[in-house]
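These protein sequence lines are chains C and U, in that order. The first sequence lines up with residues 700 to 777 when you count with the working numbering. The second sequence lines up with residues 18 to 272 when you count with the working numbering. The beta-carbon is built from N, C-alpha and C at its ideal position, and this holds for glycine as well. Have a look at the structure below, then the notes.
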Amino acid sequence: MPRTVPPWETKRKLLVKAEDKTNPRYGCKPEERPVEEYMKYGVINLDKPAGPTSHEVAAWVKRILNLQHVGHGGTLEA
Amino acid sequence: MTGVLPIALEESRKIVQALLLSGKEYVCVMKLHREAKEKQVRNVLKEFEDTIYQRPPLRAAVKRRLRMRRIYYIDFLEMDGRNVLFKVGCEAGTYIRKLCFDIGEVLGCAAHMQELRRTRAGPFVENGDMVTLHDVAYWFMEWQEQKDERILRKFIQPMEKVLVLVPKIYVRDSAVDAVCHGANLTAPGVLSLETKISKGLTVAVLTLKGEVVALAKAVASTEDILNMGHGVVAETKRVLMLRGTYPKCWKSGEA
């Protein structure tokens with residue numbers, strides 16, 4: 700069986716259909732969001748400790764960061 | 018530590034569904050119940066580099082019916098007595114415990130999963146940006162004390178990171194708010210798009226600033242979309258941007 704290309708090795712190119720500019724008055728680059736928004740729209744690449752469930756770990760992060768809602772990459776529909 | 022677990026804060030939870038469907042990679046220690054030759058183990062591992070059938074285990078969150086999963090690769094790493102170390106890249110929803118059991122059956126000596134560490138979940142891998150719970154607690158306290166934003170931005174990443182592997186369509190400012198209100202994306206709004214988009218594929222709709230607007234389902238291929246002058250190119254499925262972030266341009270029909 701030949702080795703199939705996993706999704707993370709799929710290469711895509713960007714093709715331009717039309718040219719336009721974006722108005723700096725609206726929105727902002729993801730990495731430049733104001734801190735509070737940055738957190739609200741943020742993700743953490745966590746090294747999960749062995750033992751507790753993913754759910755428990757997410758709850759800990761929620762408490763540490765003092766947030767309302769936190770989900771994890773294992774939840775079916777957050 | 019059992020490896021990569023992406024944690025979604027507040028609003029970014031809506032996007033983790035994109036992660037559930039993305040591939041995973043694990044490093045696994047499999048324990049054989051009897052001695053086996055390394056060559057034989059290597060050969061059997063290669064046999065599983067294929068589409069496999071699995072029935073979810075008794076204790077599972079999904080219906081227990083036979084399903085097919087793609088094993089992208091299994092790389093033999095090391096063998097020490099009855100312990101076999103290997104790396105496996107697989108489709109979402111593959112049970113590695115089950116895989117070990119089945120490998121043991123084919124080997125004829127029986128085997129079970131001894132240890133497992135996830136080394137990838139979609140775009141998230143073990144590297145510089147992975148942090149421990151201790152790091153999170155420490156950096157968050159540091160941030161509260163020093164009020165230096167850079168500290169926070171070091172261990173939290175924008176939710177757009179989740180979409181690194183999802184094909185993207187970039188749209189005009191004037192098309193953004195309509196999509197935020199649930200409208201489908203139409204051809205005139207498209208500025209650029211990635212190759213290998215096909216009908217039915219989940220795509221990310223982004224602004225030119227790189228902010229995600231919504232997740233959508235493509236109704237045409239990259240080639241078709243490039244040539245379309247009008248009509249729907251993607252059906253909006255999940256809106257992620259707050260309405261009103263961009264001006265409303267769709268009543269007047271022009272930006």
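*If you measure from the beta carbon of Lys728(C) to each beta carbon in chain U, is any gap under 8 Å?*
Yes, its Cβ sits closer than 8 Å to a Cβ of chain U.
*What in chain C is Cβ-close to Asp146(U), meaning under 7 Å?*
Under the 7 Å cutoff, chain C gives Asn744.
*Terminal residues of the continuous alpha helix (DSSP H) containing Arg7(U)?*
With chain U running from 18 to 272 in the structure shown, residue 7(U) is simply not present.
*So, helix, strand or coil for Leu257(U), using DSSP?*
Coil at Leu257(U), not helix or strand.
*Hey, Pro73(U) and Arg86(U) are a contact pair by Cβ (cut 8 Å); roughly how many whole angstroms apart?*
Wrong, their Cβ atoms sit about 10 Å apart, outside the cutoff.
_Beta carbons nearer than 9 Å to chain U: which residues of the stretch 704 to 717 of chain C have them?_
Answer set for the stretch 704 to 717 of chain C: Val704, Pro705, Pro706, Trp707, Glu708, Thr709, Lys710, Arg711, Lys712, Leu713, Leu714, Val715, Lys716, Ala717.
*How is the alpha helix (DSSP H) around Val734(C) delimited, first residue to last?*
Counted as a single uninterrupted DSSP element, the alpha helix (DSSP H) harbouring Val734(C) occupies residues 734 to 739.
*Between the stretch 91 to 100 of chain U and the stretch 150 to 166 of chain U, are three or more C-beta pairs nearer than 8 Å?*
In short, these stretches do not touch, since the Cβ pair count stays below three.
_Here's a check: name, in chain order, each residue in its chain whose Cβ is nearer than 7 Å to the Cβ of Gln16(U), leaving out the five neighbours to either side._
Missing from the structure shown is residue 16(U); chain U here goes from 18 to 272 and no further.
*Using a Cβ-Cβ cut-off of 7 Å (strictly less than) and excluding sequence neighbours within five positions of Glu95(U), which residues of its own chain qualify?*
Cβ neighbours of Glu95(U) beyond the five flanking positions: Leu102.
*Should Thr752(C) be flagged as near chain U, meaning a C-beta pair shorter than 8 Å?*
Look at Thr752(C): its C-beta is not under 8 Å from any C-beta on chain U.
*Have a look at Asp241(U) and Ile214(U) and give me their C-alpha separation to the nearest angstrom.*
Straight through space, the alpha carbons of Ile214(U) and Asp241(U) are spaced by roughly 10 Å.
_For a contact defined as C-beta to C-beta under 7 Å, what are the partners of Ser29(U) on chain C?_
Those within 7 Å of Ser29(U) in chain C are Tyr740, Gly741, Val742.
_Selection from Ala221(U), Leu243(U), Asn201(U) that minimises the alpha carbon distance to Val249(U)_ = Nearest C-alpha to Val249(U): Asn201(U).
*How would you list, in chain order, the residues of chain C whose beta-carbon sits under 7 Å from the beta-carbon of Tyr263(U)?*
Among the residues of chain C, those whose CB is under 7 Å from the CB of Tyr263(U) are Tyr725, Gly726, following chain order.
_Three or more C-beta pairs below 8 Å linking the stretch 129 to 143 of chain U and the stretch 57 to 76 of chain U_ = No, the stretch 129 to 143 of chain U is not in contact with the stretch 57 to 76 of chain U.
*Any C-beta of chain U under 8 Å from that of Ala758(C)*: Answer no: the Cβ-Cβ gap between Ala758(C) and chain U never drops below 8 Å.
*Take Tyr187(U) as the anchor and find which of Glu735(C), Glu736(C), Val704(C), Glu718(C) has the nearest alpha-carbon.*
The residue with the shortest Cα to Cα distance from Tyr187(U) is Glu718(C).
*For Ile88(U), write down the residues that DSSP places opposite it in a beta bridge.*
Partner(s): Cys107(U).
_So with CB distances below 8 Å, who are the chain C contacts of Gln274(U)?_
Missing from the structure shown is residue 274(U); chain U here goes from 18 to 272 and no further.
*Rounded to a whole number of angstroms, what is the C-alpha to C-alpha distance between Ile120(U) and Ala127(U)?*
The straight-line gap from Cα to Cα measures roughly 8 Å.
*Give a yes or no on whether the minimum CB-CB distance between Gly217(U) and chain C is below 8 Å.*
No, because no Cβ of chain C sits closer than 8 Å to the Cβ of Gly217(U).
*Mind checking if Val33(U) is an interface residue toward chain C, Cβ cutoff 8 Å exclusive?*
Closer than 8 Å: yes.
_Is there a Cβ of chain C sitting closer than 8 Å to that of Phe118(U), yes or no?_
No, no contact with chain C.
*With a cut-off of 8 Å, does the C-beta of Leu94(U) fall near any C-beta of chain C?*
Leu94(U) does not count as touching chain C.
*Pull up the CB-CB distance for Leu133(U) and Tyr43(U), whole angstroms please, since I reckon it's below 8 Å.*
That belief holds up - the Cβ atoms of Leu133(U) and Tyr43(U) are roughly 6 Å apart, short of 8 Å.
*asked:* Just to confirm, is the Cβ distance from Gly772(C) to Pro23(U) under 8 Å?
replied: The answer is yes: Cβ separation under 8 Å.
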